[in-house]
Amino acid sequence: MKKIDSKALRYVGTLARTLNSKSDLKFKQIGLQKGQYMFLTRICENPKTNLANLTEMVKVDKATTTKAVQKLINLGYISKQQNKIDKREFELIATDKGLEIYKIIINEERKHLEFSFDGFSEEEVKMATYLIEKM
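Written as structure tokens, this is what we have:
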């Protein structure tokens with residue numbers, strides 16, 4: 000078997016696991032389980048989004064999105080409202096409680112960015128962001 004020449008994906012994976020582990024521990028204190036914070040942030044940043052759009056944003060399957068959304072509804076962090084134009088569709092909206100939790104999540108995300116890019120120049124941060132987006 001041919002050896003892989005680049006370890007880039009391994010480094011990205013290690014960083015992702017490290018940050019997710021830290022996030023999961025922090026957010027467990029506010030009732031969020033593994034990865035649910037990703038759903039809440041996307042809903043807060045994209046008001047009135049629907050399940051299909053949320054699934055695409057988070058890059059998971061529909062069943063995972065449905066479970067996460069239901070848990071966030073049960074926690075009182077989001078609500079689901081019927082679309083006024085298309086009655087078959089539902090819009091997801093953050094509650095006041097959800098918006099308060101969102102502030103905590105964003106603060107934690109800032110800490111992760113500072114940790115991850117410690118020692119990087121502004122240009123290096125831009126380049127790393129560009130290259131990761133390109134992947």
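Reminder that position 2 of the sequence shown reads as 1 in numbering that gives the first Met the number 0, one-by-one numbering, no gaps. Every residue gets a Cβ at the ideal spot worked out from N, C-alpha and C, and that includes glycine. Bear in mind the structure is a predicted one, so any value in this text is a computation, not a measurement.
| Query | Result |
| --- | --- |
| Cβ-based burial, I29 [other Cβ within 10 Å; buried from 16] | exposed |
| Neighbour-count burial assignment, L39, 16 or more Cβ in a 10 Å radius | buried |
| Straight-line gap, F114 to D23 (C-alpha atoms, nearest Å) | 16 Å |
| At least three beta-carbon pairs within less than 8 Å, the stretch 41-53 to the stretch 82-91 | yes |
| Contact the stretch 93-102 vs the stretch 114-133: 3+ CB pairs below 8 Å | no |
| Residue from H111, T128, V68 and L91 whose Cα sits closest to the Cα of Q32 | V68 |
| Pick from S78, T63 and M37 that is closest to E107, judged by C-alpha positions | M37 |
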